[in-house]
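Undergrad: Residue numbers (my numbering), protein chains in the order written: chain A, 492 to 810; chain B, 15 to 311; chain C, 58 to 597; chain D, 911 to 1232.
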Amino acid sequence: MTTVSSIGSRVGLRVLQTVVVAVFVTVIAAVLVRLAPGDAATTLLGDRATPEGVARLQAQLGLDRSVFAQVAETLGNVARGDLGTSLTRPDQPVSRIVLDALPVTLSVIAAALLVAVVVGVPLGLIAGTTRRPAVDRGISLAAIGLLALPSFFLAIIAILVLALTLGIAPAGGWGGGWPENLKYLWLPALSLAVLRLPQVVRVVREAAREASSHEYVEAAVARGLSPRRVTARHVLPNCLLPMLALVGFDAAVLLSGAVVVESIFGLPGFGRELVTAVGTRDYPTIQGIALTAALFVVFVNLVVDALYALADPRVRTAR
Amino acid sequence: MSATAAAPTHPVARVARRLRLPSDVGLLIGVGTLAAMLALAFLLPVVTGYGTNEFAGAPYQAPSLSHPFGTDQFGRDVMVRTFAAAKVDYMIAFLAVGVSLLIGTTIGVVIGVVHGGVVDWLLSRLVDAVIAFPLVILVLALVVAVGPEKSAPGLPAGTPALLIALFVFGWAFYARLAHAQALSLREREFVVAARMMGYSRTRIVMRHMLPNVLATATAYAVGDAVFIIGATASLAFLGAGVQPPTPEWGQIMFEARGVLETAWWTSVFPGLALVVTGLALALIADGLIQRLEGGSK
Amino acid sequence: MRGRMRSGCKPLAATALAVAIAALLAACGGGSDSDATGGGAATGDAGGETTAVQATGDQPELTQGADPVDDLRIGIADRVTELDPLLTGSPALGSIGHLTSGTLFRFVGVGDDVEPALAESGRLSDDAMTYTVKLKPDLVFSDGSELTVEDVKASFDRGRTKDGGYRSFFAPIKQVTIVDDRTVEFRFKSRYLSFENFLAYPAAGIFPARGIADDTAFFKTQPVTSGPYKVVTPPNGATFRLERDDGYAGPKPVARAVTFVTVEDPNSRVAQLRSGQLDYISSPPLQQFKSLTGDVTPIARSGYATTYLGLNNTRAPFDDVRVRRAAALAVDRAQVQKVAWQGIVARNDGALPTIFDGYEAVLPEPDVEAAKAELKGTACESGCPVTLLIAAGDDWPQAAAVIIKSNLEAIGMKVTIESGDPVATLDRKRSLEYVAMPTFVGSFSSIPEGYPSNALYSKGSFLSAYTGYRSAQMDRAIEASILARTPAERRAAYERAGDIFGRDVPFVTLTDFPVTAAVRTELKNTVTPSSTVFIEIATE
Amino acid sequence: MTDAPVLAAERLAVSIRGMELVSRVDVEVGAGQCLAIAGESGSGKTVTCRSFVGLLGRLGGEVSGGRLLLGGEDVSRDDERAWRSRRGRAVALVPQASLASLNPVVRVGSQMVETIRALGGARAARGRALELLEQVRLDDPERVFRSYPHQLSGGMRQRVMIALSIAGRPRLLVADEPTTALDVTVQRQILALLRDLQRASGMALVFVTHDLSVVREIADRVAVMYAGETIETGPVADVLQRPLHPYTRALLAADPTTAPRGRPLSEVPGKPADPRSWPAGCRFQPRCEHAREECAAPAPLRSFGGSRAAACHRVEQIGEGR
């Protein structure tokens, strides 16, 4: 079996890897937003403030120091696990803002992925294993068609039809707690899922097509197993691996998609906090959210790699 | 980014695949559609007499003979603008995908070749970090930070910010795709043979690996250009879109999102153009990939 | 009736089209080209069923004794982060201040007449240099503690020293002295005719002296207030609740509680209003304005503010008055009013909001030839580059910029539109780092210390609407309007300012700036915005 | 050969996606008999054996001519549902002995139990699986049952495949180059195993291979295929000693185990014909040193006594050295 030290070194490597990504993301986010004209003092005092008032507030918030000094201080704090407090929402620790927003976004992304998989995998399997090329081409082209449309267009159509015309869902907003939030969750999740559905169908179709050309699938058919059984036991498991890789990569894309969906549905999630924070030049919150989002993506990829090894016995039982 | 398409291992499937002529029909239809869109982009203003930004009629006119796609908020002809947007969107997609593809693939192959060294580890972590970096922060910062003059010579106003956003995210993709392929190519006979004959590492990369990886990446790039066009359209929502009044499908649909019920034609026809473009690109990508797989054993 | 029958069909048509594209369209009767209510081809002045929403037209009034509402849900654009009425910039946060800050006087209905609230009576001396106010007996704060003259003095002393947006309203106050346990006297440095009117603003709200000793901390959590509503949730949440304060001395509003819900995207606000999740929303998207019919009613009340094409008077090409005059001749204000503002607000050809007493049209009718003639001999004779700066996402500036661009290009200027985000645009506007910029200015108050001084007074808080325009002659006209003893004297000062404005054209006024909102139709006489932009709720 | 043969192909033609890969196959095999189908790669032998097990549909192919008889019944036009009930029970396939024949992510045991249950033997499927593993002479059935395919050697994997194929006691077993990927010693064991299993069950065996030495060892009769056609059939000993068709003679001369001693190996000139460019007449004509004008016409399969046949106009002249 793989020796303990090699596992240790692999974990150590992963931790180092995460630290490198964390530092990179924090520094880039911190520098990028400080390049933008205007700062928190401007947004707080609005367009009626006097130049002296703005200057005094800038000094108070420490915004008059050089970008380098501010970034260095940020890294110092992050190293100690302190994300700092928001500039434009007085006395709101960034960790509180992140912890409030995180569950909203995660639940939307998780629900979206669930819908994308539940709808996408069967479609992908059908497209990949059907013998009628028209069906395969039809499903693939429909998926591509969806991919081309902007996410906000699909979200607005969803609101117009499902919420306003049919009235089977609220037109946005968020509940007080669970399970009441589920009522508000399913429509945005559906809109976000449509964003990822085409990729899921494509990956599963590709994997199914490749899997069904494998000899062991033909051998299984030759042994008299029913097509449904062959697909379920031999084709589907083989599609799960690339699906996992897609999920890993999806986490990053879904965060961007979440911003659009959260804005349109008015959900108090990551994306919206980020847009507000950038709009008000709330540097600590921007850095906090960027770091958490990046760690979330790295974590998802870590889990995916682990599942990858677990799912493929050839790796798990390597001599 | 879909998994790499390994050649089917089943003897008969290989036989069947090689004998089937790569369906150029799809490829031709795809290229033909894109060409037709561009042709109309140049022809329509002449034929209809409406300028791209000209207030040609009353605002929000429903589709009629004089305005087959109706008019928008300013009374500009939606048909002329929808096809004029093709020029902008194709240029953005071509530049964003092209640059990302070249830079990303090269870096991916380099990581593949220097496999195992510290450079490999660092570059791979850079790729991971870029993919992990929330694109939306970069976009929002770009909406704000890119200097007062947001236009560059030859590009419509606002596209530099858009291209930077798409490029910074895109190259990491292709790097990861190329890296995976470079690793599989390393074992292939001709690369091992080249190394045996003492070729220098850069020569191997440039002469042998890059062309191969580039071919596959290009086939996928065309397919994923659809993703890029969709993303461009969504960036309009974050304010990183093309500056008005330059027509771009995402921006047009963003500005018309409020009147989807009363003036549906201002959103639906650009949406249709986006979908048709997506389908054309998908056909081209399928054709290229088949040509690629049809050829390789 | 016809409007209603068709409305069910529109969303289906839109969706089906997204999926089945053109086929279903035919079935649905070719969209709404003929039907004016659909806001299709109708322009502002088309007759028939268009609800010709003119700002000065039939806006809903508040009905005394409207039926009570348990929880009024109001959708606003920004998050509630600041509760100090002296610091709140945006209209929505201003409304929260208006509903919670107890003031000596209060506005009546939606106009700007005032009546006593915490005060029993008030008297301005003949020379308008002192104002004496008598409090009502046994006033209490929201926490039940007693409200005394010390609290009144402390509140106004804070206002005079605090650096914030209302400095110009507090500047004339020289001293606040306590006469007896229910009387306070204000002495002014210069005549302050509209002081009683200013007392109705949230900035003049009365807070407990001990609380506002450290006002930053006081306003960070749930401040103790003396107005019709008290704060029951801390700021910074996604929703912010107020409950009626039954200890309030003034009239009782009909809504037991008010919940402010932050929904940034205007289209989402409208969607949640139509689905019934919200009862009232501020600034709905302009494009949808005319299509809001049936169970939702749009409101556009002219505010004490105007929209204008800001020209940077300190930088080429608009440092030359002839180029500015050419721009005034080129810009088609009627088109901006009709297309960018969907005809919901009045065109403005003068220096003041059209609803000001003393407004006169001084800017010329658009004339391309005359504009080109003005350009002769200037740097722009054979074309010059102009960049129009706008904030990404705002709907009217973006539309206005597109129109102004084609107008200016018609006289040879080479125009590019450039957008940044609101903060970047504000920053560059304040530091005069722009060439031209469609924007708006106003203080949402009819008193002279508000609008004119902000827009035209070089020493005002807005530095002549951030155009860098300096004219001693204009400054004297504005100062005369502030210190005018009688309305006639003030109107004459305004007319003088108008003539100077017509000559110097520091900026090109476009239209009045409306206060826009949308409300569930059944509540349209229960809650509505006033010209001061604050949300007013009907009282029992 | 008392009753109808287990399998008979009469002028069988098969095309994949509209491209004819097999033009004329005439073979038959009875119970307890072993027929070898020999030919170079690309001769259509793989497609032919797939048609015997009804797996053409998966490849987008179909029987485009002639008849295919199973136990005397014509099955060439049968649809997927008919074949499904037949596969594993009446006919079975033993694929090539490569790692890919077994699902790499599923244990061998569960793949066997799955197959046994599918064929209706629900009770004690695990017992039946272990019994089959013993039948194919695996020394530790318990360990094989628990392990993953990649943990077994090539020979062991092939034995598992054979166990799977005989689970339903088929009447016809089609083996597609089952020993090609194995080394010689293991190859001989597998061939012996197949022969013993055949004798024990009396099932018919069709053995596809390009290796003539394997043909001699296992088959009773042989059919040589070239460019989609059977060009020579007959008893193994007869065909290997007295080849009639020039291609069979060239094959034997090129194969070290069958070529006469002391003479340099001769090589079959040129390369196998591409299905898209088959000549109208005898398809071996471009590579045949005995080719004359009459070879331009198609060469039917002519009988030379008993079950001996060959598809060549000039069998007689070649025999006389002209």
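Positions of the beta carbon are idealized from the N, C-alpha and C atoms, including for glycine.
When the Cα atoms are used, what is the spatial distance from Ala261 of chain C to Ser281 of chain B?
TA: Counting from one through the third sequence, the residue named residue 261 of chain C turns up at place 204. Counting from one through the second sequence, the residue named residue 281 of chain B turns up at place 267. Distance between the alpha carbons of Ala261 of chain C and Ser281 of chain B is about 48 Å.
Undergrad: Which residue's Cα is closest to the Cα of Gly1030 of chain D: D:Leu1062, D:Arg997, D:Gln1006 and D:Gly1172?
TA: Counting from 1 along the fourth sequence, the entry for residue 1030 of chain D is found at position 120. Closest by alpha carbon: D:Arg997.
Undergrad: What residues of chain C sit near Gly301 of chain B, judged by a beta carbon separation below 8 Å?
TA: The residue given as residue 301 of chain B occupies position 287 in the second sequence. Near Gly301 of chain B there are no residues of chain C at all, since even the closest Cβ is about 25 Å away, more than 8 Å.
Undergrad: List, in order along the chain, the chain A residues whose C-beta lies closer than 8 Å to that of Thr363 of chain C?
TA: Locating residue 363 of chain C in the third sequence gives position 306, where the first residue counts as 1. The premise fails here: Thr363 of chain C is roughly 15 Å from chain A at the closest Cβ pair, so nothing lies under 8 Å.
Undergrad: Are the stretch 75 to 84 of chain B and the stretch 448 to 465 of chain C in contact at 8 Å, needing three or more beta carbon pairs?
TA: No: fewer than three Cβ pairs fall under 8 Å.
Undergrad: Closer than 8 Å, Cβ to any Cβ of chain A: which residues of the stretch 82 to 101 of chain B, in chain order?
TA: Hits within the stretch: zero.
Undergrad: Check each candidate in D:Met1135, D:Ser974 and D:Thr1140 and name the one with the smallest Cα separation from Ser986 of chain D.
TA: Reading the fourth sequence from its first residue, position 76 is the one you call residue 986 of chain D. It is D:Ser974 whose Cα lies nearest to the Cα of Ser986 of chain D.
Undergrad: Of all Cβ atoms in chain B, is any one closer than 8 Å to the Cβ of Glu475 of chain C?
TA: On the third sequence, residue 475 of chain C is found 418 positions in, with the first residue counted as 1. Glu475 of chain C counts as touching chain B.
Undergrad: Measure the C-alpha to C-alpha separation of Thr47 of chain B and Ser631 of chain A and round it to an integer number of angstroms.
TA: In the second sequence, the residue the question calls residue 47 of chain B occupies position 33. In the first sequence, the residue the question calls residue 631 of chain A occupies position 140. Cα to Cα, the separation comes out at about 18 Å.
Undergrad: Output the boundary residues of the beta strand (DSSP E) element that contains Tyr361 of chain C.
TA: Translated into the one-based positions of the third sequence, residue 361 of chain C becomes position 304. Start and end: Val353 to Leu368.
Undergrad: Using the rule of at least 16 other Cβ atoms within 10 Å of the residue's Cβ for burial, across every protein chain shown, is Thr94 of chain C buried or exposed?
TA: Along the third sequence, read from residue 1 onward, the residue named residue 94 of chain C stands at position 37. Reliability fails at Thr94 of chain C, whose pLDDT of 31 lies under 50, so the model's placement of it is uncertain and no value is given.
Undergrad: Excluding the five sequence neighbours on either side, which residues of its own chain have a C-beta within less than 8 Å of the C-beta of Leu1040 of chain D, listed in chain order?
TA: Reading the fourth sequence from its first residue, position 130 is the one you call residue 1040 of chain D. Answer for Leu1040 of chain D: Pro1051, Glu1052 and Phe1055, listed in chain order.
Undergrad: Under 8 Å: do the stretch 564 to 582 of chain C and the stretch 359 to 374 of chain C share three or more Cβ pairs, one atom per stretch?
TA: Enough Cβ pairs lie closer than 8 Å, so yes.
Undergrad: Give the secondary structure of Lys219 of chain C by DSSP, where H, G and I count as helix, E and B as strand, and everything else as coil.
TA: For the purposes of this step, residue 219 of chain C is taken as residue 162 along the third sequence, with counting starting at 1. In this structure, Lys219 of chain C counts as coil in the three-state DSSP scheme.
Undergrad: If you measure from the beta carbon of Asp135 of chain C to each beta carbon in chain B, is any gap under 8 Å?
TA: The count along the third sequence starts at 1 and reaches residue 135 of chain C at position 78. False, the Cβ-Cβ gap to chain B never drops below 8 Å.
Undergrad: How about Asp352 of chain C: is its C-beta nearer than 8 Å to some C-beta of chain B?
TA: By one-based count along the third sequence, residue 352 of chain C stands at place 295. No, its Cβ sits nowhere closer than 8 Å to a Cβ of chain B.
Undergrad: For the stretch 1017 to 1037 of chain D, which residues have a beta carbon sitting closer than 7 Å to at least one beta carbon of chain A?
TA: Listed by position, the residues of the stretch 1017 to 1037 of chain D near chain A (Cβ gap below 7 Å) are Glu1024, Thr1025, Ala1028 and Leu1029.
Undergrad: Measure the C-alpha to C-alpha separation of Gly567 of chain A and Val518 of chain A and round it to an integer number of angstroms.
TA: Counted from its first residue, the first sequence places residue 567 of chain A at position 76. Counted from its first residue, the first sequence places residue 518 of chain A at position 27. Computed Cα separation, rounded: 11 Å.
Undergrad: Just mark Phe108 of chain B as buried or exposed, buried being the case when its beta carbon has 16 or more other beta carbons within 10 Å.
TA: Along the second sequence, read from residue 1 onward, the residue named residue 108 of chain B stands at position 94. So Phe108 of chain B ends up on the exposed side.
Undergrad: What in chain B is Cβ-close to Asp183 of chain C, meaning under 8 Å?
TA: Sequence index remark: in the third sequence, residue 183 of chain C carries index 126 (1-based). In chain order: nothing, as chain B lies at least about 55 Å away.
Undergrad: Can you tell me where the alpha helix (DSSP H) holding Arg577 of chain C begins and where it ends?
TA: Reading the third sequence from its first residue, position 520 is the one you call residue 577 of chain C. Run containing Arg577 of chain C: none in the alpha helix (DSSP H); it sits in the beta strand (DSSP E), Phe564 to Arg577.
Undergrad: Which chain C residues are close to Pro759 of chain A, counting only those with a beta carbon under 7 Å from its beta carbon?
TA: Reading the first sequence from its first residue, position 268 is the one you call residue 759 of chain A. Within 7 Å Cβ-Cβ: Ala295.
Undergrad: Tell me whether Trp669 of chain A is buried or exposed, calling it buried when 16 or more other Cβ atoms sit within 10 Å of its Cβ.
TA: Translated into positions along the first sequence, residue 669 of chain A becomes position 178. Exposed, by the Cβ-count rule.
Undergrad: Considering just the uninterrupted stretch of the beta strand (DSSP E) at Pro237 of chain C, what are its terminal residues?
TA: The residue you call residue 237 of chain C lines up with position 180 of the third sequence. This sequence places Asp at residue 237 of chain C; Pro is not what is there. Run containing Asp237 of chain C: Ile230 to Asp237, per the beta strand (DSSP E) assignment.
Undergrad: Please determine, among B:Phe283, B:Ala294 and B:Glu275, the residue with the shortest C-alpha to C-alpha distance to Thr350 of chain C.
TA: On the third sequence, position 293 is the one that residue 350 of chain C refers to. The shortest C-alpha separation from Thr350 of chain C is found at B:Glu275.
Undergrad: Use the C-beta contact count for Ala84 of chain C: other C-beta atoms within 10 angstroms, 16 or more gives buried, fewer gives exposed.
TA: In the third sequence, counting from the first residue as 1, residue 84 of chain C sits at position 27. Only weak support exists for where Ala84 of chain C lies, its pLDDT of 36 falling under 50; the coordinates are left without a value.
Undergrad: Compare the C-alpha of Leu256 of chain C against each of C:Pro148, C:Ser332, C:Thr290 and C:Phe164 and name the closest.
TA: On the third sequence, position 199 is the one that residue 256 of chain C refers to. Among C:Pro148, C:Ser332, C:Thr290 and C:Phe164, the Cα nearest to that of Leu256 of chain C belongs to C:Phe164.
Undergrad: Quick one, are the C-beta atoms of Gly168 of chain B and Gly118 of chain B less than 8 Å apart?
TA: Translated into positions along the second sequence, residue 168 of chain B becomes position 154. Translated into positions along the second sequence, residue 118 of chain B becomes position 104. No, the pair does not count as a contact, with Cβ atoms beyond the cut-off.
Undergrad: Buried or exposed: which applies to Ile106 of chain B, given that a residue is buried once 16 or more other Cβ atoms fall within 10 Å of its Cβ?
TA: Against the second sequence, residue 106 of chain B aligns to sequence position 92. Label assigned to Ile106 of chain B: buried.
Undergrad: Less than 7 Å between C-beta atoms, sequence neighbours within five positions excluded: which residues of the same chain meet that for Glu242 of chain C?
TA: Position 185 of the third sequence, counted from the first residue, corresponds to residue 242 of chain C. Thr187, Thr189, Thr234 and Val236.
Undergrad: Extract the residue ranges of the beta strand (DSSP E) inside the stretch 945 to 1002 of chain D, only unbroken runs of 3 or more that lie entirely within it.
TA: The qualifying runs are 971 to 980.
Undergrad: Start and end of the beta strand (DSSP E) containing Val102 of chain B?
TA: Position 88 of the second sequence, counted from the start, is the residue given in the question as residue 102 of chain B. Segment Val92 to Val127 is the alpha helix (DSSP H) holding Val102 of chain B; no beta strand (DSSP E) there.
Undergrad: Verify the CB distance criterion: does Phe591 of chain C have a CB-CB separation below 8 Å to chain A?
TA: Taking the first residue of the third sequence as position 1, residue 591 of chain C is located at position 534. No, because no Cβ of chain A sits closer than 8 Å to the Cβ of Phe591 of chain C.
Undergrad: Look at the Cβ atom of Pro728 of chain A, then the Cβ atom of Ser577 of chain A, and state whether they are nearer than 8 Å.
TA: Taking the first sequence and counting its residues from 1, the one referred to as residue 728 of chain A is at position 237. Taking the first sequence and counting its residues from 1, the one referred to as residue 577 of chain A is at position 86. Result no, Cβ atoms of Pro728 of chain A and Ser577 of chain A do not sit closer than 8 Å.
Undergrad: Flag Ser158 of chain C as yes if its beta-carbon sits less than 8 Å from any beta-carbon of chain A, otherwise no.
TA: In the third sequence, the residue the question calls residue 158 of chain C occupies position 101. Answer no: the Cβ-Cβ gap between Ser158 of chain C and chain A never drops below 8 Å.
Undergrad: Please confirm whether Ala784 of chain A has its beta-carbon closer than 8 Å to some beta-carbon of chain B.
TA: Mapped onto the first sequence, residue 784 of chain A falls at position 293. Yes, Ala784 of chain A counts as interfacial toward chain B.
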